[in-house]
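Asks: Residue numbers (our numbering): 73 to 165.
Below is a structure I'd like to ask you about.
This is the structure:
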């Protein structure tokens, strides 16, 4: 298993709002399945401008699959995303 930092860039807040309940439910299911460690918005003031997710999966393809299944992405409220393998050196997870 490897860790992956996933970043999202979001569309306008009204677009995000359409998908937020399903997005949170989906990410919660990924946490329960052990595929996602943590997630949360990247803020521009008080407005979510994007998100940071830390996944623990077997491959970059599995991380991309996690993104592909996210209702926020499916609905078009994720304008772009990145997936980067992450090597935590200090701290605890």
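Note that CB positions come from ideal geometry on N, CA and C, so glycine has one too.
Return the CA-CA distance between residue 101 and residue 110, expressed in angstroms with no decimal places.
Replies: As a position in the chain shown, residue 101 is number 29, starting the count at 1. As a position in the chain shown, residue 110 is number 38, starting the count at 1. Rounded to the nearest angstrom, the two C-alpha atoms are 12 Å apart.
Asks: Residue 118 CB to nearest chain C CB: under 8 Å?
Replies: Structure shown: chain C not included; a single protein chain is present.
Asks: Thinking C-beta only, is residue 155 closer than 8 Å to residue 78?
Replies: Indexing the chain shown from 1 puts residue 78 at position 6. Indexing the chain shown from 1 puts residue 155 at position 83. Yes. Within cutoff.
Asks: With distance defined between alpha-carbon atoms, name the residue in 141, 122 and 108 nearest to residue 129.
Replies: Within the chain shown, numbered from 1, the residue matching residue 129 stands at position 57. Residue 108 is the option with its Cα nearest to residue 129.
Asks: If you draw a straight line from the C-alpha of residue 121 to the C-alpha of residue 112, how long is it?
Replies: Taking the first residue of the chain shown as position 1, residue 121 is located at position 49. Taking the first residue of the chain shown as position 1, residue 112 is located at position 40. Cα-Cα distance, rounded: 11 Å.
Asks: Run the CB neighbour count on residue 150, radius 10 Å, all protein chains shown included, and call it buried at 16 or more, exposed below.
Replies: Your numbering for residue 150 matches position 78 in the chain shown. Under this definition residue 150 is a buried residue.
Asks: Ordered along the chain, which non-local residues of its own chain (more than five positions away) have a Cβ less than 8 Å from that of residue 136?
Replies: The sequence position of residue 136 within the chain shown is 64, counting from 1. Around residue 136: 155.
Asks: Could you name the residues that DSSP lists as bridge partners for residue 112?
Replies: In the chain shown, the residue the question calls residue 112 occupies position 40. Paired residues: 124.
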